[in-house]
Every structure is written in structure tokens, then in C-alpha cells.
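As C-alpha cells, the structure follows; a few thoughts come after it.
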RNA sequence: GCCCCCAUCGUCUAUCGGUUAGGACGAGGGAUUCUCAUUCCCUAAAGCGGGGUUCGACUCCCCGUGGGGGCGCCA
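Right, here's the structure in full:
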């Protein structure tokens, strides 16, 4: 039975790199029918915060990465917060002490390597250190292959203030929680030799390791960090991204299903995901590609789903708080569905639809200049308003409106386009928007005519 | 400084010794369309360098170079 874990520490915002590590663990668990454990590594009392912890829970849930064991989910290997596992650590530390594999020095407890010892001056760190002659530690990594590294210095496992360090608790918990596969970022690869030595010292089986490549910042050198542009998961949540788009994008950063497929359902990703498909080289984060995927998902959303998400976004943004108040539900729905095929993301919606909800919309000066400079736009608008005024023009379907305009254009020896631009400018103040006829239908005859008359009078 | 990992278009990647080196994002051009988008078509764009191994290397090996990571009483 495969057991994997995601072990974040709540010392900062939840970023893309952590999310991808969580995702790969989750995918592997789901692919193999294994168990996904969430463990909170909150041993750093100074930097931990409950607020950051909630961000982690929130982001994981938003991404749909549900955990089978962990805080809020229960499980037989708890507690799942390291701050609550101290008695367990004490037991394990005592085992090491009893076995002669740990000793006290300067008030701290050190892990003892086996081998011949001698002192040497380390010029780089500018201090004298004790080196231990040891055999190389062998790591069989599912992604890197066989990696050898020499661990040649004893290291601290319990600080002088009594708190155990990361390397120790990480290994103890993996043993106690019966973790079979450790899937984590490559930044841990060099530390893995410490962990392997600890597993051996405890007489525990060494889990399989899979060190996944890192995500590099999109501009400049180095790996992505919390401070980088677009690095935070909550930012995409706030901007109304479709979580599935982020999952899809992240899954393809450092993994490929073979072949050319890119847009995949979660079920399909789970079915195809496996460790041998994970790349060995670091990947650069590309916001543009993510945005493109998000657009594809927005376009594909079922109408009800789209409306629900859009409304939630509007509510969070307080879009209607300053204006005349919340619009009519049915009207809002019509506006949203009219806009869905045209936008690149939910976040574009408020600006894209603003003129639907206020009579106080601005007329874009540049567009006005361009539109009013050719032909006889005011005459055209006058003609159009006079036609739309007639009750015989059915305003309930796009087609009827379109036919009325086309009929007018034909009678004048003109085309639809000769009326479109000026009508759009008058009614929306811009040259960007949904289909004109759909716009008219949704706004309704009275509002459309009123706007046209106001524009003609100005 | 020492140790570890990595190396195909600008970016994400396919290729598991023999291909016109393919796809996607982005870029440029075009078509469709009532604007703007979408969609569709086209174009430009890559095997880091040097040695080997082999009939034949992007692919295997070595050395450089470059990039990344680690070397805390942080995680």
C-alpha cells in the first residue's frame, strides 16, 4: 500500500512550487490508489503562524487536493502537526541515545556518524570541524537514478532549546506514518543522505525517494520564491482563475504524459501520471501559458457553472457596492453568458461588462474619434434608432434585431458594419464587447434607445 | 570554496542510435467575423562546446562550459 505525504511548514504564503509538490504527491496517491497524508511541519516556533496554516488548507482545498489523513481528516497515525508530536520525538531520540548514535554537546543533541574521526579547518566556514571517514550514502531516486553522497560531519538533531530539527522530525514522522514514497523538491536531494543515515540508525526501512525538478522564476536567475510575480496560489484564487486550469498547468511543469496532449481532465491526469514521466530538469514558470489554459477552461465552462463562479467573483470584488446596487439576477445572468465566449478570464468580467450596469459609462475618446471620423455616423445612428423604435422589431431574439438592422442597411445601400460601430459606441462607449445584437437584446429596447438618443443629443 | 542535480526553438516539452527534430505558449503574417475576442491556416524559431564509442549520434561515455540546488541549533 503506497503512502505519500505533503509536509508544508506554515511560515509564509503558499506558493506555486509547494502547490506543485503537493499536486504530484496527490496525483501519485490517486493514481496508485494509495493514501495522501497532510502533515504540518510547524517546528519553527518563531516563524509559524496560524494565518499561514489556514492559507495552506484553503489553497489545497481550492485546488481540489483532498487529503486522506491529516488535520481535519483524521487517521491512525496522528497527530498530524509536528508541534503536537513531541512525546513521539522524545522516544525516538532516546532510542538513538541508547544505541550510541547520538550524543550531547554544547547543550544540543548531535547525530553520530560511524567512522574514523579527525579535525580539520574549514576555510570556507572559517572554523574547525570534525570530519568522519564514512562510506558514501546511496540514494536510489525514482527520478534521478542512483545518487551517491558522502555525509562526513555529525549534525545537530535537537537544538539547545530542546526543539528537534527538521531532518530528525521529518524522518521520524515518515517512519511513524509509514510513508513509502517521499516525493519532494530537488532542493532536498543533498539533504537526503542525512535522512537515509537516520532511517538506517533507527533500523527503519528507507522509503523510495523521488526528487522532482524545481520551478524557476519566469524572469531572472534562481528558483521561484514567495516574493516573485505570480508565485502565490491565493493570487490566482483571488483573480478568479479556474483551479483546474492551474492544476493542469502545474501538472505539465516537470511532467509529461507522453505525446502532445495538454488540456486534460483531472481524471485523465490521474490515470496517466507516474513517476517515470517526471523530468529531471528544472522548469521556468510561464504566466502566459497559464493564462491561455485558464481561458480555455473559462470558454469550456457549463453556463450555470460559469455564472456561479462569475457571481462569486463579483461578490468578492464588491463590484456592485458603489453603484446603484445589485442588478437584477436574470439580467446579470444574461450579461454574463453573453460575455463568456469573449473574455480571457473571470477577472476581466467587471471591466468588460461595466456599462451594462450603469448609465454613467464613459465614452472612449479615441474610439469616438475613430468612429465619428468616417461616413455619416450620426445620420446612421438616427436611422437605426428610428427603426428600433418600431414595436414590430422583436427585441427578444438576436436574429430579429439583426434582420432589422440588415434590412435598414440594405434599404440605404449600406452594410451592417456601417451601423455597428457607431451604435456600439453610443450604447457601450467602446469598441470592445459582445455581439451587438446580443447586447441590444440583453439591454432591452428602452435602455438601448435612451442611450442612443442621449448620444445623439450630446 | 566543497558536494549534488541538470542541459532540444525565447518558454514548457516530444524523440527511449537511423525523423524533413514534432506539439503547445509567446512572436509575426493571413482567413473567418457586426467591434473585440475566439477559431482556422501559414512563417520564423532549437540539439551549449570539445573529445570519444558506433556503419550511424540530440540520444551512450568523458572533459569543459552554463544553469539550478545544498553545505544552519531554517524548513
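Numbering (my numbering), first residue to last: 1316 to 1773. Ideal Cβ positions, reconstructed from N, Cα and C, are used throughout, including at glycine. For clarity, every value in this text was computed on a predicted model and none was experimentally measured.
{"query": "Residue closest to residue 1522, alpha-carbon to alpha-carbon, out of 1507, 1535, 1530", "result": "1507"}
{"query": "Under the three-state DSSP convention, the category residue 1351 falls into", "result": "strand"}
{"query": "Every unbroken alpha helix (DSSP H) within the segment 1555 to 1627, with a cutoff of 4 residues, ordered by chain", "result": "1558 to 1566, 1581 to 1587, 1602 to 1615"}
{"query": "Straight-line gap, residue 1694 to residue 1687 (C-alpha atoms, nearest Å)", "result": "11 Å"}
{"query": "Pairwise C-alpha distance: residue 1730 and residue 1721", "result": "7 Å"}
{"query": "Three-state secondary structure (DSSP) of residue 1660", "result": "coil"}
{"query": "The alpha helix (DSSP H) enclosing residue 1694, as first and last residue numbers", "result": "1692 to 1704"}
{"query": "Residue 1354 beta carbon less than 8 Å from that of residue 1539", "result": "no"}
{"query": "Residue 1426 versus residue 1340: straight-line alpha-carbon distance, rounded", "result": "29 Å"}
{"query": "DSSP bridge partner residues for residue 1452 (one or two, in chain order)", "result": "1464"}
{"query": "First through last residue of the alpha helix (DSSP H) which encompasses residue 1644", "result": "1644 to 1654"}
{"query": "Identity of the residues DSSP links to residue 1434 by a beta bridge", "result": "1445"}
{"query": "Span of the alpha helix (DSSP H), counted from its first residue to its last, around residue 1753", "result": "1751 to 1758"}
{"query": "Residue 1689 versus residue 1679 - alpha carbon distance", "result": "17 Å"}
{"query": "Of the listed residues 1450, 1343, 1378, 1326, nearest to residue 1553 (C-alpha basis)", "result": "1378"}
{"query": "Best match in 1485, 1515, 1455 for proximity to residue 1473 [C-alpha to C-alpha]", "result": "1485"}
{"query": "Cβ contact (3+ pairs, closer than 8 Å) linking the segment 1568 to 1576 and the segment 1421 to 1439", "result": "no"}
{"query": "Exposed unless 16 or more other CB atoms sit within 10 angstroms - verdict on residue 1391", "result": "exposed"}
{"query": "N- and C-terminal bounds of the beta strand (DSSP E) containing residue 1425", "result": "1423 to 1426"}
{"query": "For residue 1549 and residue 1329, believed in contact at Cβ under 8 Å, the rounded distance", "result": "7 Å"}
{"query": "For residue 1504, the residue or residues it bridges with in DSSP", "result": "Residue 1504 pairs with nothing; no bridge assigned."}
{"query": "Reference residue 1405, options 1542, 1477, 1632, 1385, closest by Cα", "result": "1477"}
{"query": "Delimiting residues of the alpha helix (DSSP H) encompassing residue 1716", "result": "1713 to 1726"}
{"query": "Residue 1664 versus residue 1749: straight-line alpha-carbon distance, rounded", "result": "12 Å"}
{"query": "Alpha carbon of residue 1614 to alpha carbon of residue 1700, nearest angstrom", "result": "33 Å"}
{"query": "Same chain only: Cβ atoms within 6 Å of residue 1462, ignoring 5 sequence neighbours per side", "result": "1454, 1456"}
{"query": "Limits of the unbroken alpha helix (DSSP H) element including residue 1674", "result": "No alpha helix (DSSP H) holds residue 1674; DSSP gives it neither H nor E."}
{"query": "Residue 1496 - DSSP class collapsed to helix/strand/coil", "result": "strand"}
{"query": "From 1356, 1770, 1336, residue whose alpha carbon lies closest to that of residue 1480", "result": "1356"}
{"query": "Per-residue DSSP class, three states only, for residue 1682", "result": "helix"}
{"query": "Residue closest to residue 1536, alpha-carbon to alpha-carbon, out of 1512, 1598, 1505", "result": "1598"}
{"query": "CB of residue 1317 within 8 Å of CB of residue 1344, strictly", "result": "yes"}
{"query": "Burial state of residue 1673, where buried means 16 or more other Cβ atoms lie within 10 Å", "result": "exposed"}
{"query": "Euclidean distance between Cα positions of residue 1274 and residue 1408", "result": "With the chain represented from 1316 up to 1773, any question about residue 1274 goes unanswered, as that position is not in the structure."}
{"query": "CB contact flag (residue 1352, residue 1320, <8 Å)", "result": "yes"}
{"query": "Simplified DSSP assignment, three categories, for residue 1346", "result": "helix"}
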